[in-house]
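Report on the following structure.
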């Protein structure tokens, strides 16, 4: 074996006759069976293409290479590609090779194929090495070169690639609207009526390139906001156009979403879409790149500006952004109640019977702005607590008021919800709600903002203070909170260190500081001191643990099932009822489930998880699936596409709950299949299979609304036993998040003990939270505020070190459904 293989730019030359021939073989093959002597490659630039039919990225790259190969071959006669397959059976090899117009090492010569992988240090596929006419390596990163430049990258010399990069840099420096939107085959964009609109008609205008995916919810929401802004700008006579750059694969989805929108588009599946995504270094969607009237980029992503300011952000220039920032700063410094709540003739709020209360009557008072809605379960749950605090505060200070800021969807819902509130409100549909939400960056409800007598903001976290301290938190100032904390610490000195409680007779409860918990008696949130059983994860508020409850006999403590009792007919019946959701797919209709059977599923699944290793070792074939997030209809559609268990094997990479409306149905079906087919159906843990996360993003509220907090805690116990990583055929490493700087040996994963909560840092945290970043080398800070990002170099290093082919992860939105970081 040659020792110098794969050394780019000036390494020793490879003898093609030597490295491409095998024992008794001096030829290569075409897909029609013809044999071509290796010596025919003399004097040619040669590409060695390492690929396989089972590899998704290979399937997407091969057509690009075919196109480049055909274009180069039509211009010159001195270029050839050799396919070196990593397929495991000849039928797969033949089917895949039939798509290729070039040569290949025969499938039967596995020794040569394996040797070439070693010579050229192939750690992942697709991998394309270009050799010059003398056999020297020109580049071993030709996959990216072909993706970026296509046939224009030929002959793939460092000089040519350097020139292309310089030209690309110059093109960016001399960018025009034509250079961005016009291709060799197209000088127009299209309207939703099918008309071709010449790019020349857009020159001199400000143009927004809108990168979107119609199946992605946030894009649909942003489209409505953007469309509204476009209409307003048009009414004002502004020269602004939006050009949609669709990332849809499906033409019908594109046409359906495009039909109602007031903008132009690049034709669906146009090659320019991918090129533009690379050119503008697309990182997220929705993205709105703004091109100025001179053809230069004004703003790399104005989507957030559009969402926050609408037409006020136009024309999205750096000067405008700076102006908006200064306005925000000045607005905060000069903030008064009138500035917040008076808009034109809207200088009032309403009370009962729609009585108008002038804002001037509220000046000088402590005000709580209560962002809420009837359709929101957490809002309905928080309301009684806020009403109780409101009455107590009013008794001691009349200079206090709450104003309801509604997110209800219709007047009747608003009226019904407001009728149960003892305070004031903005009228339903009032435009001031938008400005208040923008000012205080309200991204979720319920939210409670405290405004002091001067009109300045005291805190945007008043909801948590009311939850923790009730009326005692008033007036919500930092000084008052410190006083409360000191009072609690003084009280805690008089509490016993341990207590016995009839709700948890198995063990003593220990006085413990807890960052956050849910009381198993009153089912309310708590933090700070708790009386806690670590073994059972059982919490009681100090007041619930210490006060004598005369009504204790009325508390349903429930009984937790023990043993593997969810099996046989009961399990089959549950699965059958869950699969009835196929009839109502997309309707969001809830499946009738009892709390008892869900408890049984959780306990049984937990036992199954603990019988299997924390680091799974699986064999292909297996379907690997990403985040589901409570989208039960999507899960059923996935099974329809890939085959219902046990017809097909599955590995899910986590994030089964939160965000979607049917997390309970989703996780119950997945756990039920795990119980029924433990050796064919596998579930890994995602970052949302963690109490601190799914408490916030919807699963807790769904459990509490439909069943109980105790059921949510049972799910938490089950999630704490999930495996965290998997290895398929010793070559594909799977997890939810990504790599960890602490992961030096795979045995470290095998040593993770369960049950375990997800820590804030360390190996387990990283496996569930880290993200790749193509723009960095090594390790970087993660914008999520937890774990790390890692560069392509770390991927390559890890794969080489552990003799792996691929890392397979979930955790991020992919466009359209898969994304690969090259190494």
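Numbering (full-length UniProt numbering), first residue to last: 1 to 823. For each residue, glycine too, the CB sits at the ideal point set by N, CA and C. Given the structure is predicted, the values throughout are model-derived calculations rather than measurements.
Identified DSSP bridge partners for residue i
i, result
"residue 617", "727"
"residue 808", "734"
"residue 211", "245 and 287"
"residue 447", "371"
"residue 772", "790"
"residue 264", "243"
"residue 536", "Per DSSP, none; premise fails for residue 536."
"residue 425", "350 and 404"
"residue 139", "130"
"residue 103", "82"
"residue 183", "186"
"residue 779", "790"
"residue 35", "29"
"residue 111", "According to DSSP, residue 111 bridges with nothing at all."
"residue 54", "Bridge partners of residue 54: none, in fact."
"residue 357", "349"
"residue 677", "BP columns for residue 677 are empty, so no partner."
"residue 46", "80 and 131"
"residue 514", "528"
"residue 198", "188"
"residue 682", "651"
"residue 22", "25"
"residue 206", "240"
"residue 95", "Partner(s): none; residue 95 has no beta bridge."
"residue 366", "400"
C-beta atoms of residue i and residue j nearer than 8 Å
i, j, result
"residue 625", "residue 734", "no"
"residue 125", "residue 55", "yes"
"residue 591", "residue 577", "yes"
"residue 536", "residue 507", "yes"
"residue 609", "residue 723", "yes"
"residue 510", "residue 532", "yes"
"residue 408", "residue 428", "yes"
"residue 812", "residue 773", "no"
"residue 369", "residue 243", "no"
"residue 828", "residue 103", "For the chain, the structure presents residues 1 to 823; residue 828 sits outside this window and is missing."
"residue 415", "residue 346", "no"
"residue 571", "residue 668", "no"
"residue 95", "residue 123", "no"
"residue 241", "residue 205", "yes"
"residue 378", "residue 658", "no"
"residue 470", "residue 389", "yes"
"residue 277", "residue 211", "yes"
"residue 689", "residue 656", "yes"
"residue 321", "residue 385", "no"
"residue 72", "residue 20", "no"
"residue 80", "residue 41", "yes"
"residue 143", "residue 153", "no"
Whole-angstrom C-beta distance between residue j and residue i, which should lie under 8 Å
i, j, result
"residue 339", "residue 401", "No, residue 339 and residue 401 are not in contact; Cβ-Cβ is about 17 Å, not under 8 Å."
"residue 652", "residue 739", "Going by Cβ atoms, the distance from residue 652 to residue 739 rounds to 20 Å, so no, they are not a contact pair."
"residue 845", "residue 49", "Because the chain in this structure spans residues 1 to 823, residue 845 falls outside the shown range and cannot be described."
"residue 779", "residue 794", "7 Å"
"residue 731", "residue 805", "4 Å"
"residue 726", "residue 616", "4 Å"
"residue 629", "residue 687", "That pair is no contact at about 11 Å."
"residue 614", "residue 438", "Actually they are not in contact, since the Cβ atoms of residue 614 and residue 438 sit about 45 Å apart, beyond 8 Å."
Between the stretch 438-446 and the stretch 367-375, are three or more C-beta pairs nearer than 8 Å?
yes
Taking contact to mean 3 or more Cβ pairs, one atom from each stretch, closer than 8 Å, check whether the stretch 647-666 and the stretch 483-494 are in contact.
no
Flag this pair as touching only if the stretch 157-169 and the stretch 177-191 have three or more C-beta atom pairs under 8 Å; answer yes or no.
no
Do three or more CB pairs link the stretch 278-291 to the stretch 207-225 at distances below 8 Å?
yes
Just list the beta strand (DSSP E) runs in the stretch 446-512, keeping only unbroken ones of 3 residues or longer that don't cross its boundaries, in chain order.
447-451, 457-459 and 498-501
Which residue spans inside the stretch 270-351 form an unbroken alpha helix (DSSP H) run of at least 4?
271-279, 303-309, 318-333 and 337-341
Sequence ranges, beta strand (DSSP E) only - wholly within the stretch 605-655, length at least 3:
615-618, 623-625 and 650-652
Do the stretch 243-263 and the stretch 169-176 meet, that is, are 3 or more Cβ pairs less than 8 Å apart?
no
Going residue by residue through the stretch 374-399, where are the continuous alpha helix (DSSP H) segments of at least 4 residues, counting only ones entirely within it?
377-396
Report yes or no: do three or more beta-carbon pairs, one from the stretch 638-648 and one from the stretch 701-710, lie closer than 8 Å?
no
Runs of alpha helix (DSSP H) wholly within the stretch 146-182 (minimum 4 residues, chain order)
158-173 and 177-181
Could you tell me whether the stretch 744-763 touches the stretch 619-634, where touching means 3 or more Cβ pairs closer than 8 Å?
no
Residue ranges of each alpha helix (DSSP H) within the stretch 699-723, 4 or longer
699-706 and 709-719
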